[in-house]
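Below you'll find the structure, written out as C-alpha cells, and then a few comments.
There are 2 protein chains.
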Amino acid sequence: MIYDSIILGAGPAGLSAAVYAKRLKLKIFVLSRDVGGQAIEAYKIDNYLGMPGVLGVELVEKFSQHVKNLGVEIKEGIKEISILPSSQNSFGVKTNSGEFETKSIIIATGKGYRHLDVLGAEKFEGKGISYCTTCDAPLFSGKIVAVVGAGDAGQDAACQLKEYASKVYLINKYDNLRGDDQRIQDEIRNSEKIELINNAKVAEVKGDKFVSSLVYQSFKNNEQKEIAIQGIFVEIGSVPNSDFLRNLVDLNEKGEIIIDHKTGATSKPGIFAAGDVTDVPEKQIIIAAGDGAKAALAAYQYLKSK
Amino acid sequence: MIYDSIILGAGPAGLSAAVYAKRLKLKIFVLSRDVGGQAIEAYKIDNYLGMPGVLGVELVEKFSQHVKNLGVEIKEGIKEISILPSSQNSFGVKTNSGEFETKSIIIATGKGYRHLDVLGAEKFEGKGISYCTTCDAPLFSGKIVAVVGAGDAGQDAACQLKEYASKVYLINKYDNLRGDDQRIQDEIRNSEKIELINNAKVAEVKGDKFVSSLVYQSFKNNEQKEIAIQGIFVEIGSVPNSDFLRNLVDLNEKGEIIIDHKTGATSKPGIFAAGDVTDVPEKQIIIAAGDGAKAALAAYQYLKSK
C-alpha cells in the first residue's frame, strides 16, 4: 500500500489539508501526536472568520468532526518521525507506530513550547509550572499565579487566569506591553487582578513539593525580588517541530521550513508544508487553515504531473 | 479624517482582513458592491474547515455578523472606484459614493463572471440566461436547463440544478470531466437527470421573449444540434475585478494582482491584496480568508513602520 499523501500533524493546517485531499479522493493518512495542535490551548478565539468567540476546544472539536465525517483516518500518539526517500517517486515515513510509504508528504507539525530554563524550573514542571493555560487555569482558582512572558500568548494567558486566580503577576521583559491585539492589552491594564512587572526576567523557581515562590530580576537595576505564588504559566515562545527534517528540506535560522507561499512547496519535490512549522510570518489559525488547503491542492497537482 | 486602511471588497478575503484590522484597532472602512462576494452563490460548501455542509448564504451571514459584531462599518453599493496617490503617505479613494483618504489599502475585490458571447446571448440575459445558479435554480423547477461550461463551477451548478430541473444538459468543451473534485464528478456521472455533452460549444441561443432553445456545435465533426431548453446557466470562468488598478499595481496576463504570497504586498507600497483578485492559484474561501488575515497583519506592520 502506497499512500498518495501522508499528512503529518492534525492542527488547523493538517486538518484543512486533509479536508481538501480527501475530497480530491487522494489516498491519505494523517499521523499526529494529538488532534488540534496549539489551537486547543487557545481559550477564546475571536478571529476565525465566521465563528466569533468560539472556545479553542470547541473549534478543534468542530475541525475534528469535519475531517472524521469525510472518513479521514487519523493515527494519534505519533512521537517519533523520520522520513527516508525510498525510491525516486516515493518516501518512507518511519514512526514509533509503524512504517508507511507515500508519494507525497504534507508537513503540518506546528510548533511547541520553549521551556523555562532557570534554576529550579525543571524540578517543578507539572508541580506548579504549566505550559498550557487553557488546560490548567481552573486548577488555580483562588490562588496567586505568575505568567512568564508577556507577548500575545502571555497576554492571553493572563486574561484567562484572572477569571480563576486571585492575583496574576505578568512578567514582561520589555518596558511596556507589545503585540498585535490592542483590546487584550487594554483588558490587562484595566484589570485589578493583574499586576504587570516590566523590565524583568525570572531568576529562580523555589518550592518544596510544589512551587511556592518565584524570584525575578530587574533589567534596570539588577535587583532581585521574591514573590509568593502557587503557579507559574510559561509563555516564552515556541520552536517549530521540524527537527526530523534537518538535511531533508531547507529550514531558516529559526528552524522553520522555508516554503513557496503560493503553493506550500518546500525545497524537496513531493514534500509540502503549511501552518506554524513554516516560515509564514503570522501564526494564526485561519492562516494555517488556508495554507493547509493550498498545500493539499499543490500536492494534488504534483501527483497528477507524475 | 484619514483612515488607516480602506478595505475594498466584502467577500471572505475582505471580511477576514476586516476582522484582523479591527482587532488591531486600525481605523478602517470597508467599501464593496455587496457583502459576501461569490461565496454567496455557492450552494453547499463542504471545505471551509469547521463548517461542513454549510450553505453559501449561511456562511456569508455568519461572516457578515462576525464583522458587524466587531463594529466594522461597511458601505455597500460601490460600483466605481479609482485610486489616486494623494500624498507621499496616503491614497485617495474615489467612488460613486464619496471620496476617502487612507494610509493603506487592502484590495479584495474578487472576480466576476465571464459572459456568454454568442448569437442571441445578450438578448436573453435575465430572460432565461443566468450567471447565478444558487440564486436562480429554484425558478427552474420541473424545467429543462443547460449548464454551459463543465469546470468546477459548472459541475457544482449541474448538481444544484438536478434537485430542481427535470433535465440538465452539461455542455463541456473537453472530452471528459476535469477538475479537482472527484466526488462531484461521480455524482454527475451517476445522475439520471444530467446528460453530459462533451466536445461541444454553444453556437446560438434562441427564443421569443424567453429562451426556448440552444444550438451547440461539436468540436469533433462541426455538426450543430438544437436542443429545447428553458434555462441556461453560464459557468465559463471569471475575470478578476482589477480594471481600476491598471497602471497602479503589477497585474499578470490574466489581470490578477501579482502579490508576495507571504504578506499580500503588491508592487505598490501601502497597497495589499488578498483572495480571488490576486494571482493565488486556487480560488477557495478558506484560502481567501487566510490570505485576508495575512494582508491585514502586513498592512498593520506597514503602518507601524511609517
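Keeping their order, the protein sequence lines are chains A and B. Note that our numbering has the first sequence beginning at 5, numbered continuously upward. Note that our numbering has the second sequence beginning at 5, numbered continuously upward. Where a beta carbon is used, it is the ideal one built from N, C-alpha and C, also for glycine.
Against chain B, the CB of G158 of chain A has no partner CB under 8 Å away; the residue lies outside that interface. Contact between the stretch 16 to 28 of chain B and the stretch 107 to 115 of chain B is present: 3 or more CB-CB pairs across the two stretches fall below 8 Å. Here the C-alpha atom of T137 of chain B lies approximately 51 Å from the C-alpha atom of I240 of chain A. When Cβ-Cβ separations below 8 Å define contact, T106 of chain B makes no contact with chain A. When C-beta distances to chain A are compared with 7 Å, the residues of the stretch 57 to 77 of chain B below that value are L63, K66, F67, H70 and N73, in chain order. Within chain B, the C-beta atoms nearer than 8 Å to that of E286 of chain A come from A297, K298 and L301, in chain order. By the C-beta density criterion, P89 of chain B is exposed, having fewer than 16 other C-beta atoms within 10 angstroms. Checking the DSSP bridge columns, you'll see S242 of chain A partnered with A:Y117. The beta carbon of N245 of chain A sits closer than 8 Å to the beta carbons of G13, T113, G114, K115, G116 and V281 from its chain, once the five residues preceding and following it are set aside; these are given in chain order. Following the DSSP letters along the chain, one finds F144 of chain B in no alpha helix (DSSP H), marked with neither H nor E.
Taken through DSSP and simplified to helix, strand or coil, T270 of chain A comes out as coil. For K66 of chain B, the secondary structure class from DSSP, reduced to helix, strand or coil, is helix.
By the C-beta criterion, the stretch 138 to 158 of chain B is judged not to be in contact with the stretch 248 to 257 of chain B, since fewer than 3 inter-stretch pairs fall below 8 Å. Beyond the five residues adjoining it in sequence on each side, G41 of chain B comes within less than 6 Å, by CB distance, of G15 and G114 in the same chain, given in chain order.
Residue pairing by DSSP places G235 of chain B opposite B:V149 in a beta bridge. Close to P142 of chain B, with beta-carbon spacing below 9 Å, lies no residue of chain A; the smallest spacing is near 25 Å. With a cutoff of 8 Å on beta-carbon distance, Q234 of chain B and G132 of chain B are scored as near each other.
Per the coordinates, the alpha-carbon of D190 of chain B lies some 19 Å from the alpha-carbon of N73 of chain A. Distance from the Cα of P142 of chain B is smallest, within the candidate group B:Y47, B:N93 and B:R27, for B:Y47. Counted as a single uninterrupted DSSP element, the beta strand (DSSP E) harbouring E208 of chain B occupies residues A204 to G211. Setting aside the 5 residues that flank it on each side, K272 of chain A is surrounded in the same chain by L252 and V253, each with a C-beta closer than 7 Å to its C-beta; the list follows chain order.
In the DSSP assignment, I188 of chain A falls within the alpha helix (DSSP H) that extends over Q186 to N194. In the DSSP assignment, S94 of chain B falls within the beta strand (DSSP E) that extends over S94 to T99.
Between the alpha carbons of G155 of chain A and A161 of chain A lies a distance of about 10 Å.
Our two residues, T270 of chain B and E167 of chain B, have alpha carbons roughly 43 Å apart in a direct line.
Neighbours of R187 of chain A in chain B, taken as residues whose beta carbon is under 8 Å from its own, are R27 and K29 in chain order. Excluding residues up to 5 positions away in sequence, D8 and S9 lie with their Cβ nearer than 6 Å to the Cβ of L30 of chain A in the same chain.
In this model, V152 of chain B and V238 of chain B are separated by some 5 Å (Cα to Cα).
Shown in chain order are the members of the stretch 267 to 278 of chain B whose Cβ falls below 8 Å from a Cβ of chain A: T267. By the CB criterion at 8 Å, E208 of chain B and G124 of chain B fall inside the cutoff. Of all residues in the stretch 86 to 100 of chain A, none is placed with a Cβ closer than 8 Å to any Cβ belonging to chain B. Residue pairing from DSSP places D264 of chain B in a beta bridge opposite B:A269. With a contact defined as Cβ atoms closer than 8 Å, V34 of chain A and V64 of chain A miss out at about 14 Å. Residues of chain B with a Cβ closer than 7 Å to the Cβ of I291 of chain A are, in chain order, G294, A297 and K298. In the structure shown, E77 of chain B falls within a coil segment according to DSSP collapsed to helix, strand and coil.
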